[in-house]
Structure formats: C-alpha cells, structure tokens
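Chains as they are written, first to last, in the numbering used here: chain B, 1 to 112; chain Z, 1001 to 1112. All C-beta atoms in this analysis are idealised placements derived from N, C-alpha and C, irrespective of residue type, glycine included.
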DNA sequence: CCAATATTCAACCTAACGGTTAACGATGGA
DNA sequence: TCCATCGTTAACCGTTAGGTTGAATATTGG
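In structure tokens form, the structure reads like this:
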C-alpha cells in the first residue's frame, strides 16, 4: 500500500499509467513524452513495477510493459471507506458501523 | 494530487486519517498511538494539512483537526478511471471513449 | 505569578528520491 | 561481422523525507 500510493504520488508515473491504460508500451515508448533521460524514466518504470502496478515482459531487446490494475483496485477500495464523507448521506450510524474494521482501536471511544 | 498521494503513501498518516474518520482529534491525540516524538507526529499532521486532507482549528492551546474528504474524493475519482480494468466488463469501445480525457495525447494512437 | 500542558520551531542526522552522465550488455538488422 | 538500438547499471549530486533532541511559544489552572 505504501509503495502503491508512493508510486502514484508522482505525475510522471501517473502519466505512464495513463499511457499503459491504452495498451502495452515499451520502456522507450513510456519515456518518450518526458523531457528526461531514459535512465530516469527507467527508474520510474521500476518504481511502478515494485508497486505491482506494472508487469514487464522482456521481448528481445525491448521490455514490454502492461498495466496490472490489482493494486489500483486496492487503493480504490481503501479510499472507498471515506466515501461516506463526500457523499451526501453521511449517516452517523453507518459511520459507526464501518468504524469497526478500522486500522487500530488505540484511540478508542470519542475523546475530549 | 502529488501532495495527496504522497500523504497517503505513509502508514502513519493513513492511520491518522482513520482516527479522524471517527471525529475531531487534537494533534496530541493523533500522535498518541505512535512510538515517535510529538514533533514527528506534528510533521505528519502538517503534511496531511498541506495536502488538504486535514483542517486545523486552534482552540486555545490545542489544535483540533478534522478530516477534509475533498482531496480523497479527487483521488478516488482519479482511480475510478482504471476501474474498467478490474471490473469484468472491460469493453474496448468504452475504454476508448474514456481515453479521450486522458492526461495528455503525446503517446497517441496504438504504437508498435 | 507560576507551573504544567500543548504544540511548534530549529538544528541536525541518515536515508531515499529524482535527476544526470557514462559505461555496459544484449539484441537486431545490414 | 559490425554497428545502431534498447534498456539497465553504477556513481554521483542536490533536495526532500522522516526521525531525533532541545528550546521557544502560548495557554490554562491554581
């Protein structure tokens, strides 16, 4: 999760993902739109790969990348928890029910 | 967007958000569950604040924080674009239609 | 007024990030 | 075979991140 959000926290990498949403891309193709060295772009691809967002297939001398949406789905699901706060119906009971599966219970009942 | 995903890319800050989902918390209350100095926790709160995820109200000598779900909704919407890849119905036409409002068109039509 | 509390600030450390350039390895094509 | 291409690796650089400690600031309560 850390790695996923960290990977998404960079506009270059987000744009690479957008490119991959249109289909397979080689590292060179992913790098092309950016005013940076291929080596730098290669590092971004590796970051996406380590986050599980990209899978790579070495075809000859080119590395073909494709999107792995799994971690994106997880991130989406994580954010889903907070949907109660931006959708109109933020029912207090509903929020309380969902609070049961929170990360930790160290800051328990309503303080102050 | 960079700041939002970056803020989410740290487990400490994600847990702080979870705490805030249960209601207002002071900086001290947010810091309590963690084995780190208050100063360190204070930095995390500031990071969340700069990302727009937290709003702070100085009440006397305590700083009361509450969740601002706006940026979370934006992040959620950004990820929504990729939902087509993890939901069963990844219709090629649908994907093409959505691709129109992509970040940039530099890597245009299907290469290779 | 004084002391405790809540929080930030400043200085410092180490590690990671994002970028560069240069060299290397492997592949593909003439 | 020779050379251009694709991509990674390594070394380096400046900046940022995340943590510490210690001092400063403001507020509250007695």
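Query - residue 49/B: first and last residue of the uninterrupted alpha helix (DSSP H) it sits in - result: 38-50
Query - Test: residue 73/B CB closer than 8 Å to a CB of chain Z - result: yes
**Report entry** Given 8 Å, three or more beta-carbon pairs between the region 1045-1054 of chain Z and the region 1065-1083 of chain Z
**Finding:** yes
Report task. Quick one: grab the DSSP three-state call for residue 67/B. Result -> strand
Query raised in the report: So is residue 79/B in contact with chain Z if we call contact Cβ pairs under 8 Å?
Result: yes
Requested in this report: Compare the beta carbon distance of residue 1064/Z and residue 1026/Z with 8 Å and say whether it is the shorter of the two.
Outcome: yes
Query raised in the report: Does any residue of chain Z bring its CB to less than 8 Å from the CB of residue 8/B?
Result: yes
Requested in this report: Show which residues of chain B have a CB atom less than 8 Å away from the CB atom of residue 1067/Z.
Outcome: 82, 85
Query raised in the report: Going along chain B in order, which residues have a C-beta closer than 9 Å to the C-beta of residue 1052/Z?
Result: Chain B residues near residue 1052/Z: none, gap ~13 Å exceeds 9 Å.
Query raised in the report: Count the other CB atoms within 10 Å of the CB of residue 79/B; is the residue buried (16 or more) or exposed (fewer)?
Result: buried
Query raised in the report: In terms of residues, what are the limits of the beta strand (DSSP E) holding residue 55/B?
Result: 54-59
Query raised in the report: Does DSSP put residue 87/B in a helix, a strand or coil?
Result: coil
Query raised in the report: Rounded to a whole number of angstroms, what is the C-alpha to C-alpha distance between residue 104/B and residue 1034/Z?
Result: Confidence in residue 104/B is poor, its pLDDT being 39 and thus under 50, which makes the residue's placement too unreliable to answer from.
Query raised in the report: Does the Cβ of residue 16/B have 16 or more other Cβ atoms within 10 Å, making it buried, or fewer, making it exposed?
Result: buried
Query raised in the report: Per DSSP, what kind of secondary structure is residue 1105/Z in: helix, strand or coil?
Result: The pLDDT assigned to residue 1105/Z is 40, lower than 50, so where the model puts this residue is not dependable; a value taken from the coordinates is nonetheless given after this. Of the three classes helix, strand and coil, the one that applies to residue 1105/Z here is coil, per DSSP.
Query raised in the report: Cβ atoms of residue 1020/Z and residue 1014/Z: under 8 Å apart, would you say?
Result: no
**Report entry** 8 Å Cβ cutoff, residue 88/B in contact with chain Z
**Finding:** no
Query raised in the report: Going along the chain, which residues of its own chain have a beta-carbon closer than 8 Å to the beta-carbon of residue 36/B, five neighbours each way excluded?
Result: 12
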